[in-house]
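J.:
Protein chains in written order, with the numbering used here: chain A, 667 to 1222; chain B, 667 to 1222.
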C-alpha cells in the first residue's frame, strides 16, 4: 500500500493561480506563496459581504480512539465528492503544527486520496502563520520580562504571570523552567514554561478574529497576569497590541491550497482542541462560504469537545449558520468503544461493535440537541467485515438516522459520493435551526453544568475549592458572560480517559479555570492538560530527509 | 525630513515577476512569495555554472561608532548607481533579524532613497528563513534533551551540552535558564540558555553551504556537546541531519527583492558578525554573480572583523573572487575616532577629524594586505561641513587613494555615481589578486596571532589558561586546519571598546574558543560576547502598529 507522501508526490497539482481563478478571485484578492500556495486578502469578506453564504457542513466524530477515525480525511473526501457531483465546494481545515509532525505524526493533512497538497509544505513551515504566532507570543513575553526588569511600573507579580512562552516543537524539557538567572543583567528570575504554539491564546484569537481591527482589540484584552494585589494586567496596559497585530498581519490572511483532486481548500489556524476551541479560523470558514456553494469544515476531537465548541464559541462569534453535520465513525473505533483491545480490532466482533454504538448514539443526541441535521459516515478500513458494516447500517436505519459508507482514503471523492448526496438532501430538507445549549447570561457554573449534563451525559459537576474561588474572582472581574471552553480528555465522554463507550452516572470534576479574555472564553480544566508534548523514543524526525534534487522523505 | 518607512511607502515597486524577468530567470527558476518577493531556485547555480561570474564588490567600513556609518545604505546606493550608469548590478545583502527590529532598530534594510523593499516584510517575517533556522535549531535541542531523557545512549554530559536553543527575539530573561524541572515526565534538569537566532551555528552553516548536499554534511558535523569522557558528540551521532536539512530546504533558496529604484537585490542569511562570520550567504553572492555583471555585497561591522572574515572564511569556502572593496567612512564617525563626544559631532572639528583618520588608515592597510583594490566612500551626513569633506579628500589624495563622496541616503543611486565610476575603474585596472593573511595549515595560535597583528595592529596575543587547554583539545580532535572566526568588540581595533582611533602596543586577550565544526571555523572569543540582546527601556515595538487598511507604522 502506498504511503500518503507517495500518493501526494504522484499527484498532479494545478498551479495555484488556476485554483484562484476558478474561485473568481481577482488579482488583488490573493497573493502567491510559491506555485501551489496562496494567501487570500482579508478584504475579500468586505467586498463580498452582500453575496449569500454557501452552506456550511461540519464534520465531527465519535470520541477518538487509538484506532483512528479519519475525520480530516472524510472532510477532504466529502469536499472532493461534492465537486465530483457538480457542486462548488470549498474545504476549510486547520493547519498542522510542526511539533507533532517531528514527533509522532509525521504529517497531518488528510490521507491517501483525500489529502491536501502540497503536504510537504503544509506539514512544515507552510506560509509561516504558526511562526508569526510564535513570534507575537514571545515578543509579548520579552516585553513582560523587560517591563519587570525595568522597574515593574505595572506592579506585575512575577509569581502570577499567566502568559507563557511558546515554541512550535515537542519539547518536554521546556515544560517547567526558571528564567532570568545570572544576575541583574539577565532579567528577574521567575518560574516559567513553554507551551506548544497552537496552545497560545494568540492562536485562538487569530481563529476567532473577524478582521484586523477585531484582532487588535482581542490582543489588547489578553490578561497576561496579575498584580501583587491580584488585579488583572492586560496587553493594552503594556501597550503591546500594535506590535503584536503588526506581527500577525499576514498570518490573518487565510491560505489557499488544493486537494489531490484539485478541490480548493482553505487551511488556516489550528488552535488546541482542549484549552482552546480546536477549529480553523472564522475568517477561513467565512471566506470559503463566500467562494463556495458548500463549505466542508471540521472541528477537533469528538463531538463532545469539537462540535460543542464549534457551535458555542466559533459559530456564535462568527455568526456562522451550519446547514448539516457529519458524524464520522469507524468499525474499528466503535469496537474499541465496545471494550475491544487494540490488537483485536482486525477480527470481526459484532458484540463489541454493538456495545460501542452507544458512544455514537450519545453524539447523535448532542447534535440533535443543537437542532442541526446530521448524517453518520462510516469511514471504511480494509479490516471491516461486511457483517460489521451491515450491522451499523441496520442500527442507523432502526434509529431513523441517515448513514453513508465512505471509502475516501482509497478512492478519493468517488468514495464519498453517497455521503455527499445524503448531506445535500439534509441541507435541502432542513427545517431546523441552531439552538445553543446554554445562554451567555447563565452563570459560569451553570454553563459548565449544562455542557457536562447535556453534551457529556454527566450526573453533575464538582468544583474544586480553587475553581470555586476562581469563579467568584472571574465574576467580580465581569468575565461571567463569556462562553466556556472545556478542557477534558478527548477519549471519553467523562473526564476519565479509560471510560470509553457511554459512561453513565459520572461527575465531571472541575479542577481549575483560566481566563482567555482575548480569545473571549473561560477555559475550564477537568484534569491535567498537557500543553507541551514531548518527543517519543524514536521521533519521526529520525526518518526525515531530503534528497539532492529536493525530494522529501519521512513525512507520512 | 521623511522617515525610511515614509519614503518606502511612497515608492513604486515593480511586480517581482518583472524583476525576475529582467534577470532572465525562467519560470521554473524562481517562486513568488507575494507580489514583491521571490525565492530563486538553488538549481540555478548548477544551470549557469559555465557562465562567467560578475565582478564582486565588497562594501566594508571603519570601526562602527554610535554616529552611524551607513554601510548597508552605501551598498544599496552603489548598486543603484551602477544601474543608473548602464551596468547590470545585483545587490547581495544580509536579512535582518526580528529581535533587534522589535528592540532598538525598528528596521534594517538600508535607508532613505537607498533601501530595499518591501521594508515592512523584510524587517518582519520576510520569507520565513529565520523562522526555519529557529525551528531547525530547536528541533535539534528537543532531540538532544529527548535523547538524555530516554536513557542517554550516547553518554552526553548534561553539563557539557554546547548546543543552545534560539529565538529570534531580544529576550534577556532567556540568557540563563534551567530547563527540565518538575520531575521525570518533564525531562532532565540542566542549565541552558537561549541565543538569538542569528547566532545559531545553523545560520552560519546556511550562509556557508554551497548546495543542499553540502548543507546536510555541515549540519551532520555540528558538535552538540561532549560525553562524560569529553569526546565530541555530533548531529550525525543523533541522526538528526536529515530532519534539519528538510526544515531548511526552502530557507536555502536565496530571496529576490528590489531596491527603491528597482535594482534587483538578493537578501539571504544574516549570521552574527562576532561569533559567526557576518556575511550574507555564499549562495546569494554566487547567484547574484551569475545574474549581474556587478555584485555589490557587504560584510558585518568594520573591516577588522567583517572584511577579514569575508575573505578568510566566506571567500575561501565559496571560491569568491573579489574585484574591489569600498571602505565606508563618515565625517561624524571619523571625528568620534578622533576622540570627539557624540553630542559634539554636529560642530566642525578638523582636529578630531584628522586624529580619526588613523582608524581609516589601518583598514586601508588591511585591504592592501589582502591585495585587493579599494575606494574610500565618504557617506554624507547633513551636518558635514565643506571643510571637513575637503580635508578627507585631500588626505586621501596625499595617500594616493581614491575617494568618493556619496549622498545615497538623500539622493539614491545618483548620489553614488562618482563612487560607481571609481570602483569600476578599480576593477578594470586590476592587477592584484587576493592573498590570505594566514594559511589554513598554520597552527590555531599562529592563525590568531596573524589576524591580531596584521589586521588589528596588535603587539601580540595572550591566551588564557582555558584557551590554551582548548587549543590542545581541538588539535587533538583534528580541528586545527579550520579558519578562525574572531569574536571581538566591533568598536575598536583592540579588544577594548573604549579604545577608538588606532590603538597601538596592545595585546589581544584570548579568553575562550568554541568549535563551530558544522560551519567549519573555530570561534575565538576575546571578551564577553552577548549572543542574546535585551530590550531597551522603551522598545521600538511600543510604537508599532498596523491600521485597519493594512498600513504599517513604527518601522523606521
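Note that the Cβ used here is the ideal one computed from N, Cα and C, for glycine as well.
#1: Does chain A have any CB closer than 8 angstroms to the CB of residue 883/B?
#2: Report yes or no: is there a C-beta of chain A within less than 8 angstroms of the C-beta of residue 915/B?
#3: Which residues mark the beginning and the end of the beta strand (DSSP E) in which residue 1057/A is found?
#4: Are any of the Cβ atoms in chain B nearer than 8 angstroms to that of residue 699/A?
#5: If the cut is a Cβ gap below 8 angstroms, which residues of chain A does residue 844/B touch?
#6: Taking all protein chains shown into account, decide if residue 952/B is buried (16 or more other Cβ within 10 angstroms of its Cβ) or exposed.
#7: Across which residues does DSSP place residue 988/B in a beta bridge pair?
#8: At the level of alpha carbons, what is the spacing between residue 841/A and residue 1023/B?
#9: Can you grab the Cα-Cα spacing for the pair residue 788/B / residue 1087/B, in whole Å?
#10: Using a beta-carbon distance cut-off of less than 8 angstroms, what residues from the stretch 1161-1193 of chain A approach chain B?
#11: Grouping DSSP H, G and I as helix and E and B as strand, with all else coil, what is residue 758/A?
#12: Counting only runs of 3+ residues fully inside the stretch 1099-1164 of chain B, write out the beta strand (DSSP E) ranges in chain order.
#13: Which residues mark the beginning and the end of the beta strand (DSSP E) in which residue 931/A is found?
#14: Taking contact to mean at least 3 C-beta pairs separated by less than 8 angstroms, is the stretch 898-912 of chain B in contact with the stretch 1203-1215 of chain A?
#15: For residue 946/B and residue 866/B, I'd like the C-alpha separation in whole angstroms.
#16: Closest to residue 720/B by CA distance: which of 1066/B, 958/B, 982/B and 778/B is it?
#17: Are the CB atoms of residue 1177/B and residue 1130/B within a distance shorter than 8 angstroms?
#18: What residue range does the alpha helix (DSSP H) around residue 901/A cover?
#19: By Cβ distance below 8 angstroms, which residues in the same chain neighbour residue 698/B in space, the five residues on each side in sequence not counted?
#20: Residue 676/A lies in the alpha helix (DSSP H); which residues open and close that run?
#21: Determine the extent of the alpha helix (DSSP H) in which residue 1025/A is found, giving its start and end residues.
#22: Output yes if chain B places a C-beta closer than 8 angstroms to the C-beta of residue 1205/A; else output no.
#23: Is residue 775/A helix, strand or coil by DSSP?
#24: Can you list, in chain order, the stretches of the alpha helix (DSSP H) that have 4 or more residues and sit fully within the stretch 927-970 of chain A?
#25: Between the alpha carbons of residue 861/A and residue 811/B, how many angstroms are there, rounded?
#26: Got a sec: which bits of the stretch 809-824 of chain A sit with their beta carbon under 8 angstroms from any beta carbon on chain B, in order along the chain?
#27: Closer than 8 angstroms, CB to CB, is residue 1159/A near chain B or not?
#28: Going by the beta-carbon positions, is the gap between residue 1019/B and residue 1004/B smaller than 8 angstroms?
#29: Between which two residues does the beta strand (DSSP E) holding residue 1049/B run?
#30: Give a yes or no on whether the C-beta atoms belonging to residue 1075/A and residue 892/A are separated by under 8 angstroms.
#31: For residue 873/B and residue 735/A, what's the separation of their Cα atoms in angstroms?
#32: Tell me the residue span of the beta strand (DSSP E) that contains residue 1214/A.
#33: Is residue 763/A close to chain B? Criterion is C-beta to C-beta, closer than 8 angstroms.
#34: Can you name the residues of chain A whose CB is closer than 8 angstroms to the CB of residue 878/B?
#35: Helix, strand or coil for residue 829/B per DSSP?
#36: For a contact meaning CB atoms closer than 8 angstroms, what does residue 801/A contact in chain B?
T.: In terms of the structure at hand:
#1: Here residue 883/B is taken as the residue at index 217 of the second chain, counted from 1. No, residue 883/B lies away from the interface with chain A (no Cβ there is under 8 angstroms from its Cβ).
#2: By 1-based counting over the second chain, the position of residue 915/B is 249. For residue 915/B, the answer is yes, since a Cβ of chain A falls inside 8 angstroms of its Cβ.
#3: The residue you call residue 1057/A lines up with position 391 of the first chain. Residue 1057/A -> not in any beta strand (DSSP E); alpha helix (DSSP H) instead, spanning 1052-1064.
#4: Taking the first residue of the first chain as position 1, residue 699/A is located at position 33. Yes, because at least one Cβ of chain B sits closer than 8 angstroms to the Cβ of residue 699/A.
#5: As a working mapping, residue 844/B is identified with position 178 in the second chain. Those within 8 angstroms of residue 844/B in chain A are 843, 844 and 847.
#6: Taking the first residue of the second chain as position 1, residue 952/B is located at position 286. So residue 952/B counts as buried.
#7: Position 322 of the second chain, counted from the first residue, corresponds to residue 988/B. The partner list for residue 988/B (beta bridge, DSSP) reads 722/B.
#8: By 1-based counting over the first chain, the position of residue 841/A is 175. By 1-based counting over the second chain, the position of residue 1023/B is 357. Their Cα atoms are separated by approximately 54 angstroms.
#9: Against the second chain, residue 788/B aligns to sequence position 122. Against the second chain, residue 1087/B aligns to sequence position 421. If I take the Cα positions, the gap works out to 30 angstroms.
#10: none
#11: Counting from 1 along the first chain, the entry for residue 758/A is found at position 92. Here residue 758/A sits in strand by DSSP.
#12: 1126-1129 and 1150-1153
#13: Numbered from its first residue, the first chain carries residue 931/A at position 265. 930-933 is the span of the beta strand (DSSP E), which, as asked, contains residue 931/A.
#14: yes
#15: Start at 1 with the first residue of the second chain, and residue 946/B comes out as number 280. Start at 1 with the first residue of the second chain, and residue 866/B comes out as number 200. Residue 946/B and residue 866/B: Cα-Cα distance of roughly 14 angstroms.
#16: Taking the second chain and counting its residues from 1, the one referred to as residue 720/B is at position 54. The shortest C-alpha separation from residue 720/B is found at 958/B.
#17: Position 464 of the second chain holds residue 1130/B. Position 511 of the second chain holds residue 1177/B. Result yes, Cβ atoms of residue 1130/B and residue 1177/B sit closer than 8 angstroms.
#18: In the first chain, the residue the question calls residue 901/A occupies position 235. It spans 901-904 - the alpha helix (DSSP H) in which residue 901/A sits, taken as one unbroken run.
#19: Translated into the one-based positions of the second chain, residue 698/B becomes position 32. Hits under 8 angstroms: 682, 683 and 704.
#20: Position 10 of the first chain holds residue 676/A. Segment 670-676, the alpha helix (DSSP H) holding residue 676/A.
#21: In the first chain, counting from the first residue as 1, residue 1025/A sits at position 359. Where residue 1025/A is concerned, the enclosing alpha helix (DSSP H) stretches over 1016-1035.
#22: Counting from 1 along the first chain, the entry for residue 1205/A is found at position 539. Taking Cβ atoms only, chain B reaches closer than 8 angstroms to residue 1205/A, which makes this a yes.
#23: Position 109 of the first chain holds residue 775/A. Correct three-state label for residue 775/A: coil.
#24: 948-957
#25: Position 195 of the first chain, counted from the start, is the residue given in the question as residue 861/A. Position 145 of the second chain, counted from the start, is the residue given in the question as residue 811/B. Distance between the alpha carbons of residue 861/A and residue 811/B: 16 angstroms.
#26: 809, 811, 812, 815 and 816
#27: To locate residue 1159/A, count along the first chain from 1; it is residue 493. Not one chain B Cβ lies under 8 angstroms of residue 1159/A.
#28: Residue numbering aside, residue 1019/B sits at position 353 when the second chain is read from its first letter. Residue numbering aside, residue 1004/B sits at position 338 when the second chain is read from its first letter. Yes, the Cβ-Cβ distance between residue 1019/B and residue 1004/B is below 8 angstroms.
#29: Position 383 of the second chain, counted from the first residue, corresponds to residue 1049/B. From DSSP, residue 1049/B is part of no beta strand (DSSP E); its letter is neither H nor E.
#30: Mapped onto the first chain, residue 1075/A falls at position 409. Mapped onto the first chain, residue 892/A falls at position 226. Going by C-beta atoms, residue 1075/A is not nearer than 8 angstroms to residue 892/A.
#31: The residue you call residue 873/B lines up with position 207 of the second chain. The residue you call residue 735/A lines up with position 69 of the first chain. C-alpha separation (whole angstroms): 44 angstroms.
#32: For the purposes of this step, residue 1214/A is taken as residue 548 along the first chain, with counting starting at 1. Residue 1214/A -> no beta strand (DSSP E), and no H or E assigned at all.
#33: Within the first chain, the letter at position 97 stands for residue 763/A. Not closer than 8 angstroms to any Cβ of chain B, the Cβ of residue 763/A fails to qualify, so no.
#34: In the second chain, the residue the question calls residue 878/B occupies position 212. Going along chain A in sequence order, the residues near residue 878/B (Cβ under 8 angstroms) are 1212, 1214 and 1216.
#35: Walking along the second chain from the start, residue 829/B turns up at place 163. Note: residue 829/B maps to coil in three-state DSSP.
#36: Taking the first chain and counting its residues from 1, the one referred to as residue 801/A is at position 135. Near residue 801/A (Cβ distances below 8 angstroms), the residues of chain B are 764, 791, 797, 834 and 835.
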